[in-house]
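Peer 1: In order, the protein sequences belong to chains R and P.
Letter by letter, the first sequence follows residues 1 to 341 in our numbering.
Letter by letter, the second sequence follows residues 1 to 341 in our numbering.
Below is one structure. I have some questions about it.
Number of protein chains: 2
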Amino acid sequence: MITIKDIARAAGVSHTTVSRALNGSPLIKPDTRERIARIAAEMNYVPNDSAKNLVTQKSNTIGLFFSSIDQGTSSSFLMDALKGIRQTLNENYLLTVNGIDDVTHLGRVHARRYDGILVMSQTERDNAFIYHVQAGGIPLVVLNRQLDDPAISNVAADDRGGGRAAADHAYELGHRQIGIIEGRAGFKSSAERRLGFTESLMAHGLTPNPAHFVQGDYSIESGYEAMIKLLEQNDRPTAVFCCNDDMAIGAMNACFDHGVSVPGDMSLIGFDDMVFARYANPPLTTIRKSVFEIGREGTKLLIEQMERPDRPAVQRHLGSELIPRRSAAAPAVASRNRDSI
Amino acid sequence: MITIKDIARAAGVSHTTVSRALNGSPLIKPDTRERIARIAAEMNYVPNDSAKNLVTQKSNTIGLFFSSIDQGTSSSFLMDALKGIRQTLNENYLLTVNGIDDVTHLGRVHARRYDGILVMSQTERDNAFIYHVQAGGIPLVVLNRQLDDPAISNVAADDRGGGRAAADHAYELGHRQIGIIEGRAGFKSSAERRLGFTESLMAHGLTPNPAHFVQGDYSIESGYEAMIKLLEQNDRPTAVFCCNDDMAIGAMNACFDHGVSVPGDMSLIGFDDMVFARYANPPLTTIRKSVFEIGREGTKLLIEQMERPDRPAVQRHLGSELIPRRSAAAPAVASRNRDSI
DNA sequence: CCCTACACTGAAACCGTTAACATTCGCGAA
DNA sequence: TTCGCGAATGTTAACGGTTTCAGTGTAGGG
């Protein structure tokens with residue numbers, strides 16, 4: 001392995017000069033710098049990160065931590081976030097990917113090891129981790145989940161607004177019995193989406209029917225099960241807001257299996273707008289949130305934070321947008337009548 | 001930041017003794033070791049990786065490289081692979097995730113920076129990267145794509161066998177006109193799956209009809225387009241093997257949009273068995289390949305390779321398995337007749 | 001012609017660890 | 001008593017960079 005000293009010898013200068021030349025120090029005469037650069041290139045010199053990091057007290061590493069790689073995180077999530085992050089992050093940063101749950105010793109997550117940390121958070125259970133990072137003085141941005149703490153930088157979709165938009169849409173189509181399949185208990189997004197949903201109902205003068213609130217956990221299966229519970233009710237809703245697309249797919253399957261046509265007998269609205277949403281049958285009406293964008297904005301924020309740690313934390317909410325497709329339509333006449341009685 | 005020297009001072013020993021004690025050297029008296037360990041814990045000591053890596057000439061980092069994060073890699077892929085890898089990898093390894101396309105300077109991928117590298121490869125275009133890594137003497141395992149070079153360790157699914165199984169299944173259901181929507185041109189998996197498919201046809205005495213071979217690129221859209229080309233033919237197939245599930249979903253949509261019922265008028269078989277396959281409508285008959293397992297086995301191999309670099313490279317093929325669901329069934333009588341003429 | 005200032009380069013210390021090479025100590029054999 | 005030896009610990013030199021501080025050489029001003 002060749003080092004700056006080898007280059008120094010070859011160039012007939014001191015290794016200090018080589019170091020400076022390679023780092024673009026203004027102290028070095030332009031032609032010296034060039035000569036050294038050329039020699040370094042010829043010798044295929046690659047700087048030793050460990051040595052560099054040791055003396056500069058940096059790690060050159062950004063850590064991406066997920067709530068849980070196993071559950072609750074749909075795969076397109078990870079992918080989209082990764083795209084957004086990589087695209088924004090300078091190439092010579094190392095980006096590591098971890099599950100928060102996999103971290104057994106918090107002590108191993110340390111300012112020496114990470115220059116900055118991104119947390120893709122879903123649940124308040126991540127808080128222990130988040131506050132550990134913050135206490136350790138590591139630049140930190142929490143993605144995806146809205147945080148209450150203004151001291152921590154945060155980029156998330158507007159879950160509540162999205163929930164509201166979903167319910168608004170159902171209302172405008174003419175539905176008056178609108179159900180909801182909720183996300184995983186304990187996840188902030190679940191609470192927010194339901195809250196927005198309820199707000200919309202109230203705003204339109206509808207009284208939420210507790211029987212039409214069914215718990216799910218963001219998995220396809222839970223959507224299936226929840227939908228069955230809804231279908232079995234005598235006074236079942238004519239439209240259901242599923243708090244993510246996975247559950248909407250599950251719900252759609254439940255409808256098919258029980259001879260309930262979508263959207264003829266039942267309107268379905270999802271959340272996330274993952275790739276498959278438009279290829280569902282019927283294509284899924286849903287709320288788009290851009291994890292890609294969250295990744296991108298979050299990374300920008302993190303970089304800023306690393307450059308000037310004194311700056312105050314920033315909260316940013318990215319809008320969520322209704323994407324009307326074909327899984328939600330006006331209710332059948334019968335149910336409209338039933339409502340108008 | 002506290003270092004072994006601080007601990008040494010606190011314990012009244014030399015820093016060498018601390019280093020040895022903390023690393024479990026047999027040279028240290030048990031009670032000394034214990035005392036030092038206790039002090040270290042009390043002081044919240046965290047070793048400095050950079051310093052350690054500098055002197056041991058390791059990087060403590062494993063790199064996971066993807067053919068392309070943007071195209072051709074479905075997201076559940078990344079997720080599953082990651083699960084398999086993380087589960088197998090010792091927690092104190094850093095695992096970085098990169099797109100091969102994002103690597104602008106091959107020189108930056110270097111034995112100093114990575115103790116080992118996993119390549120999730122799809123296409124021969126990755127070869128430049130792969131051989132660079134190998135030439136650099138970095139322990140390497142190529143995942144997911146079958147390699148011709150026995151000098152490089154390799155874990156992949158049995159694509160050819162899977163293709164064969166798909167065609168066999170269609171044949172056994174009674175189909176005699178079997179089409180194929182091929183994967184992305186240039187991807188090894190595309191070639192292998194087609195090959196297996198063709199082999200099966202020949203084995204059953206069917207002559208492959210060139211018009212029934214349509215190019216796709218593994219995207220949902222391409223599956224849609226390709227299916228339309230197939231549907232437009234006068235002598236269209238009664239069953240189509242789609243070289244991945246994404247394209248099968250696209251193909252299914254094309255059928256719906258053209259009033260062709262699945263599996264009534266058209267049987268569809270996919271490949272991968274991604275999560276959504278069983279929630280398609282109808283549930284998708286497909287070939288299961290476990291990316292998770294590929295990740296797991298590949299990591300095991302890599303670790304072995306890092307521990308004893310002298311060992312010869314290993315090729316491992318994980319089986320692929322037919323998962324019959326409802327998107328493929330016996331052909332309608334009319335077409336059976338047409339065939340029997 | 002000398003002195004100073006400035007532009008450039010070099011020497012040496014340091015970052016936190018590990019490892020090769022002493023050193024100390026106590027004990028049993030000669 | 002002395003010597004040798006092994007167990008336990010210490011000294012010191014790496015590892016490959018950056019940075020502080022101390023030169024050098026040259027040009028410009030007096």
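Heads up, the beta-carbon is just placed ideally off N, CA and C, and yes, glycines get one too.
Please read these numbers as outputs of a predicted model, since none were measured by experiment.
Are the segment 234-252 of chain P and the segment 266-277 of chain P touching by the rule of at least three beta carbon pairs closer than 8 Å?
Peer 2: yes
Peer 1: Need the endpoints of the beta strand (DSSP E) that Ser267 (chain R) sits in, please.
Peer 2: Here residue 267 (chain R) corresponds to residue number 267 of the first sequence, with the count starting at 1. Run containing Ser267 (chain R): 267-269, per the beta strand (DSSP E) assignment.
Peer 1: Within 10 Å of its beta-carbon, does Ala226 (chain P) have 16 or more other beta-carbons around it, so buried, or fewer, so exposed?
Peer 2: Start at 1 with the first residue of the second sequence, and residue 226 (chain P) comes out as number 226. Flag for Ala226 (chain P) reads buried.
Peer 1: Can you give the Cα-Cα distance for Gly136 (chain P) and Asp149 (chain P), rounded to whole angstroms?
Peer 2: Against the second sequence, residue 136 (chain P) aligns to sequence position 136. Against the second sequence, residue 149 (chain P) aligns to sequence position 149. Looking at the two C-alpha atoms, the distance is approximately 17 Å.
Peer 1: From Asp358 (chain P) to Ala37 (chain P), what distance separates their C-alpha atoms?
Peer 2: Absent from the structure is residue 358 (chain P), since the part of chain P shown begins at 1 and ends at 341.
Peer 1: Here's the rule: buried if 16 or more other CB atoms are within 10 angstroms of the residue's CB, otherwise exposed. What is Asn337 (chain R)?
Peer 2: The residue you call residue 337 (chain R) lines up with position 337 of the first sequence. The predicted position of Asn337 (chain R) is uncertain, since its pLDDT is 41 and thus under 50; no value can be drawn from it.
Peer 1: Please determine, among P:Leu94, P:Pro331, P:Ala111, P:Val142, the residue with the shortest C-alpha to C-alpha distance to Leu173 (chain P).
Peer 2: For the purposes of this step, residue 173 (chain P) is taken as residue 173 along the second sequence, with counting starting at 1. The residue with the shortest Cα to Cα distance from Leu173 (chain P) is P:Pro331.
Peer 1: Less than 6 Å between C-beta atoms, sequence neighbours within five positions excluded: which residues of the same chain meet that for Asn98 (chain R)?
Peer 2: Your numbering for residue 98 (chain R) matches position 98 in the first sequence. Result list for Asn98 (chain R): Phe65, in chain order.
Peer 1: In this structure, how does DSSP classify His317 (chain P) when only helix, strand and coil are distinguished?
Peer 2: Locating residue 317 (chain P) in the second sequence gives position 317, where the first residue counts as 1. Three-state result, His317 (chain P): strand.
Peer 1: Under 8 Å between C-beta atoms, does Gly250 (chain R) make it to chain P?
Peer 2: Within the first sequence, numbered from 1, the residue matching residue 250 (chain R) stands at position 250. For Gly250 (chain R), the answer is yes, since a Cβ of chain P falls inside 8 Å of its Cβ.
Peer 1: Between Asn48 (chain R) and Arg112 (chain P), how many whole angstroms is the CB-CB distance? I'm expecting something under 8 Å.
Peer 2: To locate residue 48 (chain R), count along the first sequence from 1; it is residue 48. To locate residue 112 (chain P), count along the second sequence from 1; it is residue 112. Indeed they touch by this definition, with Cβ atoms about 6 Å apart.
Peer 1: With three or more beta-carbon pairs closer than 8 Å as the criterion, would you say the segment 249-267 of chain P touches the segment 312-331 of chain P?
Peer 2: yes
Peer 1: Going by DSSP, name the residue or residues bridged to Ile323 (chain P).
Peer 2: Here the question's residue 323 (chain P) lines up with position 323 in the second sequence. Paired residues: P:Thr286.
Peer 1: How many angstroms separate the CA atom of Pro263 (chain P) from the CA atom of Asp246 (chain R)?
Peer 2: Taking the first residue of the second sequence as position 1, residue 263 (chain P) is located at position 263. Taking the first residue of the first sequence as position 1, residue 246 (chain R) is located at position 246. Answer to the nearest angstrom: the Cα atoms are 24 Å apart.
Peer 1: Per DSSP, which residues does Ile117 (chain R) bridge with? Please list them.
Peer 2: Mapped onto the first sequence, residue 117 (chain R) falls at position 117. DSSP, once it has assigned bridges, lists R:Gly63, R:Leu140 as partnering Ile117 (chain R).
Peer 1: Of all Cβ atoms in chain R, is any one closer than 8 Å to the Cβ of Tyr279 (chain P)?
Peer 2: Locating residue 279 (chain P) in the second sequence gives position 279, where the first residue counts as 1. With 8 Å as the cut-off, Tyr279 (chain P) counts as an interface residue toward chain R.
Peer 1: What do you reckon, are the CB atoms on Leu301 (chain R) and Ser121 (chain R) nearer than 8 Å?
Peer 2: Walking along the first sequence from the start, residue 301 (chain R) turns up at place 301. Walking along the first sequence from the start, residue 121 (chain R) turns up at place 121. No; because the gap between Cβ atoms is not below 8 Å, this pair is not in contact.
Peer 1: Return the residues of the segment 79-110 of chain R that lie within a Cβ-Cβ distance of less than 7 Å from chain P, sorted by chain order.
Peer 2: Met79, Leu82, Lys83, Arg86, Glu91, Asn92, Leu94, Leu95, Thr96, Val97, Gly99, Asp102, Thr104, Gly107, Arg108, His110
Peer 1: Applying the 10 Å Cβ sphere with the 16-neighbour rule, what's the burial state of Asp235 (chain P)?
Peer 2: Position 235 of the second sequence holds residue 235 (chain P). That one is exposed.
Peer 1: Check whether the segment 199-209 of chain P and the segment 159-177 of chain P are in contact - that is, three or more C-beta pairs closer than 8 Å.
Peer 2: yes
Peer 1: Given a threshold of 16 other Cβ atoms within 10 Å of its Cβ, counted over all protein chains shown, does Ala8 (chain P) qualify as buried or as exposed?
Peer 2: On the second sequence, residue 8 (chain P) is found 8 positions in, with the first residue counted as 1. So Ala8 (chain P) ends up on the buried side.
Peer 1: Could you tell me whether the Cβ atoms of Gly163 (chain P) and Gly196 (chain P) are closer together than 8 Å?
Peer 2: Counted from its first residue, the second sequence places residue 163 (chain P) at position 163. Counted from its first residue, the second sequence places residue 196 (chain P) at position 196. Yes, they are a contact pair.
Peer 1: Quick check: what's the CA-CA separation for Pro237 (chain P) versus Asp126 (chain P)?
Peer 2: Translated into positions along the second sequence, residue 237 (chain P) becomes position 237. Translated into positions along the second sequence, residue 126 (chain P) becomes position 126. For Pro237 (chain P) and Asp126 (chain P), the distance between alpha carbons rounds to 35 Å.
Peer 1: Going by the DSSP bridge assignment, what does Gly179 (chain R) pair with across the sheet?
Peer 2: As a first step, residue 179 (chain R) is located in the first sequence; it is residue number 179 there, counting from the start. Beta-bridge pairing links Gly179 (chain R) to R:Val240.
Peer 1: For Thr96 (chain P), which residues does DSSP report across the bridge?
Peer 2: Your numbering for residue 96 (chain P) matches position 96 in the second sequence. Paired residue(s): R:Thr96, P:Gly63.
Peer 1: How about Ala128 (chain R) and Arg145 (chain R): are their beta carbons less than 8 Å apart?
Peer 2: By 1-based counting over the first sequence, the position of residue 128 (chain R) is 128. By 1-based counting over the first sequence, the position of residue 145 (chain R) is 145. Contact: no.
Peer 1: Taking the alpha helix (DSSP H) that Gln134 (chain R) falls in, what are its first and last residues?
Peer 2: Residue 134 (chain R) sits at position 134 when you count from the first residue of the first sequence. That run of the alpha helix (DSSP H) goes 127-135.
Peer 1: Please confirm whether Thr88 (chain R) and Gly186 (chain R) have their CB atoms less than 8 Å apart.
Peer 2: In the first sequence, residue 88 (chain R) corresponds to position 88, counting from 1. In the first sequence, residue 186 (chain R) corresponds to position 186, counting from 1. In terms of Cβ geometry, Thr88 (chain R) and Gly186 (chain R) do not form a close pair [threshold 8 Å].
Peer 1: If you draw a straight line from the alpha carbon of Asn53 (chain R) to that of Ile62 (chain P), how long is it in whole angstroms?
Peer 2: Here residue 53 (chain R) is taken as the residue at index 53 of the first sequence, counted from 1. Here residue 62 (chain P) is taken as the residue at index 62 of the second sequence, counted from 1. Distance between the alpha carbons of Asn53 (chain R) and Ile62 (chain P) is about 18 Å.
Peer 1: With a threshold of 8 Å between beta carbons, is Phe292 (chain P) in contact with chain R?
Peer 2: Stepping through the second sequence from its first residue, residue 292 (chain P) is reached at position 292. By this cut-off, Phe292 (chain P) is not an interface position.
Peer 1: Comparing C-alpha positions only, which one of R:Leu94, R:Gly107, R:Asp101, R:Val109 sits nearest to Val103 (chain P)?
Peer 2: Taking the first residue of the second sequence as position 1, residue 103 (chain P) is located at position 103. Selected option, being the one with the closest Cα: R:Leu94.
Peer 1: If we define contact as Cβ-Cβ less than 8 Å, is Phe276 (chain R) a contact residue for chain P?
Peer 2: The residue labelled residue 276 (chain R) in the question sits at position 276 within the first sequence. Closer than 8 Å to some Cβ of chain P, the Cβ of Phe276 (chain R) qualifies, so yes.
Peer 1: Strictly by DSSP, which residues pair up with Asn154 (chain R)?
Peer 2: Within the first sequence, the letter at position 154 stands for residue 154 (chain R). Paired residues: R:Val142, R:Gln315.
Peer 1: Whole angstroms are fine: how far does the CA of Val142 (chain P) sit from the CA of Glu293 (chain P)?
Peer 2: In the second sequence, the residue the question calls residue 293 (chain P) occupies position 293. In the second sequence, the residue the question calls residue 142 (chain P) occupies position 142. Cα-Cα distance, rounded: 14 Å.
Peer 1: Determine the DSSP secondary structure at Asp49 (chain R), reduced to helix, strand or coil.
Peer 2: Locating residue 49 (chain R) in the first sequence gives position 49, counting from the first residue. In the structure shown, Asp49 (chain R) sits in a helix (DSSP, three-state: H, G or I).
Peer 1: CB Lys5 (chain P) to CB His15 (chain P), shorter than 8 Å?
Peer 2: Walking along the second sequence from the start, residue 5 (chain P) turns up at place 5. Walking along the second sequence from the start, residue 15 (chain P) turns up at place 15. Contact: yes.
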